[in-house]
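Notes follow the structure.
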Amino acid sequence: MGMSRRDALKRLIGLQARVEEHLALLATEPASPAATHWRSEVRNWLSQMLAMLPHVGRRTSEEWTQRLRDWEIRLGELP
C-alpha cells in the first residue's frame, strides 16, 4: 500500500526537526559519549526520509533531496 503525499510530507517535516536537533548536538558536543548514537540516529532518519521521496512528487522530491545531501555533508564534516 502506498503512502499519501500528505503523510510523507508530515513524516519528512517531523524527521527534519530531529535531524537538525541531533546535528546541533554533534556540533556543540562532539566528544559526548552519546555522539556515536546521535550519528547513527541521523543516518537512520536520512535513510527513512530518502524512502519517503517517491511519495511527495518530483519538484518537492528534488528540494528534499538537496536537503538530505546538505545534512549528509554536515554529518560528514562533524568530528
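Residues -18 to 60 in the numbering used here are what the sequence shown lists, from first letter to last. Beta carbons: idealized from backbone N, C-alpha and C, even for Gly.
Considering Cα atoms alone, identify which of G57, L59, E53, E58 is closest to Q(-3). Position 16 of the sequence shown holds residue -3. Selected option, being the one with the closest Cα: E53.
*Please name the residue, chosen from Q47, H36, W45, that lies closest to S(-15) on a Cα-to-Cα basis.*
Numbered from its first residue, the sequence shown carries residue -15 at position 4. Considering only alpha carbons, the answer is H36.
Item to complete: Determine the direct distance from the alpha carbon of L4 to that of D51, and round the result to whole angstroms.
Response: For the purposes of this step, residue 51 is taken as residue 70 along the sequence shown, with counting starting at 1. For the purposes of this step, residue 4 is taken as residue 23 along the sequence shown, with counting starting at 1. Cα-Cα distance, rounded: 11 Å.
Terminal residues of the alpha helix (DSSP H) in which A(-2) lies: Stepping through the sequence shown from its first residue, residue -2 is reached at position 17. Going by DSSP, A(-2) is part of the alpha helix (DSSP H) stretching over -14 to 9.
Given a cut-off of 8 Å on the beta-carbon distance, is the pair L7 and M33 in contact? One-based indexing of the sequence shown puts residue 7 at position 26. One-based indexing of the sequence shown puts residue 33 at position 52. In terms of Cβ geometry, L7 and M33 do not form a close pair [threshold 8 Å].
| query | Do you know how far the Cα of P14 is from the Cα of A(-11)? | reply | Counting from one through the sequence shown, the residue named residue -11 turns up at place 8. Counting from one through the sequence shown, the residue named residue 14 turns up at place 33. Going by the C-alpha atoms only, they are around 33 Å apart.
Pick out whichever of K(-9), R20, E1 has its Cα sitting closest to the Cα of G57. The count along the sequence shown starts at 1 and reaches residue 57 at position 76. Comparing Cα positions, the closest option is R20.
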